[in-house]
Amino acid sequence: MPPGNHLMSDAPTPAPAGSPDKKPREPKRVVSGMRPTGKLHLGHLHGAIKNWIAISQKAECFFFSADWHALTSDYADPSKIEANTRDMFADWIAAGLDPERSTLFIQSRVKQHAELYLLLGMIAPLGWLERVPTYKEQQENLREKDLNTHGFLGYPVLQTADVALYGADAVPVGQDQVSHLELAREIVRRFNFFYGNVDKGQKPVLVEPQPFLTEVPKIIGLDGRKMSKSYQNAIELGEDPVSARARLMKAVTDPARVRRTDPGNPEVCGIWYLHKAYSPPALQEQINAECRSAAIGCVDCKKKLLDNLIPELEKPRARRAERDQNPARLDELVQLGTKKAQTVAEATMQGVRDAMKLG
Ligand code: TRP
Ligand code: SF4
Numbered sequence: 000m001p002p003g004n005h006l007m008s009d010a011p012t013p014a015p016a017g018s019p020d021k022k023p024r025e026p027k028r029v030v031s032g033m034r035p036t037g038k039l040h041l042g043h044l045h046g047a048i049k050n051w052i053a054i055s056q057k058a059e060c061f062f063f064s065a066d067w068h069a070l071t072s073d074y075a076d077p078s079k080i081e082a083n084t085r086d087m088f089a090d091w092i093a094a095g096l097d098p099e100r101s102t103l104f105i106q107s108r109v110k111q112h113a114e115l116y117l118l119l120g121m122i123a124p125l126g127w128l129e130r131v132p133t134y135k136e137q138q139e140n141l142r143e144k145d146l147n148t149h150g151f152l153g154y155p156v157l158q159t160a161d162v163a164l165y166g167a168d169a170v171p172v173g174q175d176q177v178s179h180l181e182l183a184r185e186i187v188r189r190f191n192f193f194y195g196n197v198d199k200g201q202k203p204v205l206v207e208p209q210p211f212l213t214e215v216p217k218i219i220g221l222d223g224r225k226m227s228k229s230y231q232n233a234i235e236l237g238e239d240p241v242s243a244r245a246r247l248m249k250a251v252t253d254p255a256r257v258r259r260t261d262p263g264n265p266e267v268c269g270i271w272y273l274h275k276a277y278s279p280p281a282l283q284e285q286i287n288a289e290c291r292s293a294a295i296g297c298v299d300c301k302k303k304l305l306d307n308l309i310p311e312l313e314k315p316r317a318r319r320a321e322r323d324q325n326p327a328r329l330d331e332l333v334q335l336g337t338k339k340a341q342t343v344a345e346a347t348m349q350g351v352r353d354a355m356k357l358g
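Numbered per numbering that gives the first Met the number 0, the sequence shown finishes at 358, counting up by one with no gaps.
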């Protein structure tokens, strides 16, 4: 029975014998993308970009703007996507990602993503797609948008194409993307089963992507919810210090700490998680103890955080200003990156077309 033949069985496909799911410790080739939603905030920085920067010291990396993915929810108004892509690239670099070392490109400029997406769409069982947790969740969270579209359902199929095209052995993603990656592996296995002659001992046509998860510090928005641009509770990377200071001084802390004399619980406070990301360990220990004993008040606690946070916002701000002086250089790098991505993606597609007798 073909893997995941949903007419007969709804069970996920077991990994083929002889190819256990080993996680490579030292990835050689890495691919990851991000939807261009505008300026980056500290959630993106700690949740993804810092990982990208670390991994790009060791592996060959492809990082792209998932502008087609942005269209799955913003199809009615695509006017900001292009500018957002430039802003996003500029912020990646401002955060410290070296654009000469990693390959940066734009998804929609590499048409092979569309071709592989179409072909994978032929074999992706509807049941698998409907069961991805983010599918229903997002439809409920973004009620103001009609996400009852073919494109939105196909989001993870496009994501599968994104990673499979580069034969990457690792995909650095946040916890929220793990279900997408799992599905990508299922689809790739199903593809290899149909067209890969894996049973005849041949090398699979597409490489099963492995998620690459690392510990990331938790970052909470200024209102206590998940940090997100759409909640307006985010601190932007390189935000103007005056504004960052003012917004942070008004941020929600432990909601149970009503009076200065009430002991606090750092675990429920966003300021604490920022201390964990930005303050030296000795200060962290002090805050942790003094918050719990009410020896320190939230105002002082925030001021101490700002002493450590503001200089870290200044760095990307300065780099960003420098980059903005030379936008042509960024365009040039992205063009080069796109060419390189096209070459790699086309080589994969040749194998895919041959395997599917479309060559
Ligand atoms: N879904 C990802 C996000 O916005 C973006 C994305 C698209 C991606 N294709 C990808 C991430 C491939 C990793 C690999 O969060
Ligand atoms: Fe949060 Fe600091 Fe106040 Fe404790 S003292 S609740 S960690 S802001």
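Backbone N, C-alpha and C define an ideal beta-carbon position, used for all residues, glycine too.
In the DSSP annotation of this structure, the continuous segment of the beta strand (DSSP E) that includes residue 105 starts and ends at 102 to 105. Where residue 33 is concerned, there is no enclosing alpha helix (DSSP H), although the beta strand (DSSP E) around it starts and stops at 28 to 33. Distance from the CA atom of residue 299 to the CA atom of residue 234, rounded to whole angstroms, is 19 Å. Taking a C-beta distance under 8 Å as the contact criterion, residue 265 and residue 287 qualify as a contact pair. In this structure residue 56 is exposed. Its beta-carbon is surrounded by fewer than 16 other beta-carbon atoms within 10 angstroms.
Residue 327 carries a helical assignment under DSSP once its states are collapsed to helix, strand and coil. Contact annotation: residue 236 and residue 93 have beta-carbon atoms nearer than 8 Å. A buried status is given to residue 68, since no fewer than 16 other beta-carbon atoms sit within 10 Å of its beta-carbon.
The segment 69 to 149 contains, as complete beta strand (DSSP E) runs of 3+ residues, the segments 102 to 105 (chain order).
Residue pairing by DSSP puts residue 40 in a beta bridge opposite 235.
Under the DSSP assignment, residue 59 falls in the beta strand (DSSP E) whose first and last residues are 59 to 64. Between residue 146 and residue 158, the gap from beta carbon to beta carbon reaches 8 Å or more.
According to the DSSP assignment, residue 251 belongs to no alpha helix (DSSP H), since it is labelled neither H nor E. Between the C-alpha atoms of residue 216 and residue 48 there is a straight-line separation of about 12 Å.
Residue 354 sits in a helix when the DSSP states are folded into three classes. Judged by their CB atoms, residue 64 and residue 111 are not nearer to each other than the 8 Å cut-off. Annotation for residue 65 indicates a beta carbon within 7 Å of some heavy atom of the ligand TRP. In this structure the segment 168 to 175 lies against the segment 36 to 53, because at least three pairs of beta carbons, one per stretch, are closer than 8 Å. The continuous stretches of alpha helix (DSSP H) do not include residue 45, and DSSP gives it neither H nor E. Distance from the C-beta of residue 217 to the nearest heavy atom of the ligand SF4 is not below 7 Å. In the three-state scheme derived from DSSP, where H, G and I count as helix and E and B as strand, residue 339 is classed as helix.
Placement of the Cβ of residue 34 at a distance of less than 7 Å from at least one heavy atom of the ligand TRP is found.
DSSP places residue 245 in the helix class (H, G or I) of the three-state scheme. Counting along the chain, residue 189 sits inside the alpha helix (DSSP H) bounded by residues 177 to 194. Residue 206 and residue 195 do not touch by the CB rule: their CB atoms are close to 11 Å apart, not below 8 Å. By the neighbour-count criterion, in which 16 or more other beta carbons inside 10 Å mark a residue as buried, residue 258 falls on the exposed side.
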